[in-house]
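Numbering (my numbering), first residue to last: 6 to 272.
Glycine residues also receive a C-beta, built at the ideal position from the N, C-alpha and C atoms.
The structure appears below as structure tokens.
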């Protein structure tokens with residue numbers, strides 16, 4: 006059975022924020038933060054087709070972090086056409102570096118790798134930083150950073166070792182953050198992400214997780230028809246949630262098979 010298209014997982018009529026995942030350990034956390042703020046999010050691969058993104062009717066787009074340097078052989082890239090979709094784009098860490106590189110900035114190895122808490126000084130307190138303190142603690146984890154920024158960019162915030170810790174390209178509606186707003190180590194990070202959704206993208210925050218559950222319970226029968234379904238069940242969160250959704254959607258046409266992965270053995 007073919008996998009459903011990305012758009013088929015989107016509840017109808019909701020504000021959607023696709024997240025292009027470049028291998029970030031925090032990608033799922035970014036998606037969670039967006040959903041908690043009241044917008045639907047979906048993770049997509051770097052090679053996602055632009056038409057598939059358009060089919061989601063996105064309110065905005067997020068480029069995640071990742072472990073690569075943009076000059077590495079095989080480093081993940083996305084289609085530069087994402088900046089022509091007509092929606093705001095937020096780049097986080099590697100996503101910032103990639104977006105800035107595509108828009109004409111230079112990316113170099115930082116003189117000193119930043120890992121851990123840093124003090125961020127806000128230079129432009131509107132938009133992303135609306136209502137936030139003039140300086141705040143953020144969580145850094147990077148070895149590269151943006152340098153030689155063209156005049157088309159505006160620096161929004163800096164740290165002692167990262168002069169362009171947050172930037173904006175007004176014409177392309179691109180915003181870049183060298184730090185990670187999605188983690189709890191950035192105390193105002195959730196507020197910043199909400200500003201991106203509400204102040205920049207114009208979201209209303211009308212989506213709820215319960216809406217997604219109901220939408221999936223409607224879409225599953227349409228996908229499987231009258232056939233029976235086998236679900237591999239490990240006992241973990243992912244497979245257990247899938248099993249619960251399937252049971253609610255198709256009832257006794259579901260058969261769960263427990264997968265003994267070795268971690269449940271007691272001697």
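Taking DSSP as the reference, what is the three-state secondary structure of residue 31? coil
Out of curiosity, what's the CA-to-CA distance linking residue 144 and residue 186? 7 Å
Buried or exposed, going by whether 16 or more other CB atoms sit within 10 Å of the CB of residue 86? exposed
Mind reading off the beta-carbon distance from residue 164 to residue 125? Whole number of angstroms is fine, and I expect it under 8 Å. 6 Å
Going by CA-CA distance only, name the one from 68, 210, 115 that's closest to residue 179. 68
Suppose you measure from the CA of residue 239 to the CA of residue 254; what does that come to, to the nearest Å? 20 Å
Do you know offhand how far residue 203's Cα is from residue 37's? 16 Å
Measure from the alpha carbon of residue 65 to the alpha carbon of each residue in 46, 248, 245, then state which is nearest. 46
Between which residues of its own chain and residue 129 is the CB-CB distance below 7 Å, once the five residues before and five after are set aside? 159, 161
Using 8 Å as the threshold, is the stretch 150–159 in touch with the stretch 101–109, meaning 3 or more CB pairs across them? yes
Alpha helix (DSSP H) segment containing residue 104, residue limits: 99–107
How is the beta strand (DSSP E) around residue 149 delimited, first residue to last? 140–152
Could you tell me which residues DSSP pairs with residue 162 in its beta bridges? 127, 171
Give me whichever residues DSSP pairs with residue 113 in a beta bridge. 150
Residues bridged to residue 96 (per DSSP): 68, 181
Quick check: what's the CA-CA separation for residue 181 versus residue 70? 11 Å
Excluding the 5 residues flanking residue 120 on each side, which residues of the same chain have their C-beta closer than 7 Å to its C-beta? 145, 146
Give me the residue from 39, 27, 21 with the minimum Cα distance to residue 199. 39
Pick helix, strand or coil for residue 48, following the three-state DSSP scheme. strand
In angstroms, rounded to a whole number, what distance separates the CA positions of residue 139 and residue 193? 11 Å
With 16 other Cβ atoms within 10 Å as the buried cut-off, status of residue 297: In the structure as shown, the chain starts at 6 and stops at 272, and residue 297 therefore has no counterpart that could be examined.
Buried versus exposed, by CB contacts within 10 Å (16 or more), residue 134: buried
Following the continuous beta strand (DSSP E) through residue 238, name the residue where it begins and the one where it ends. 234–238
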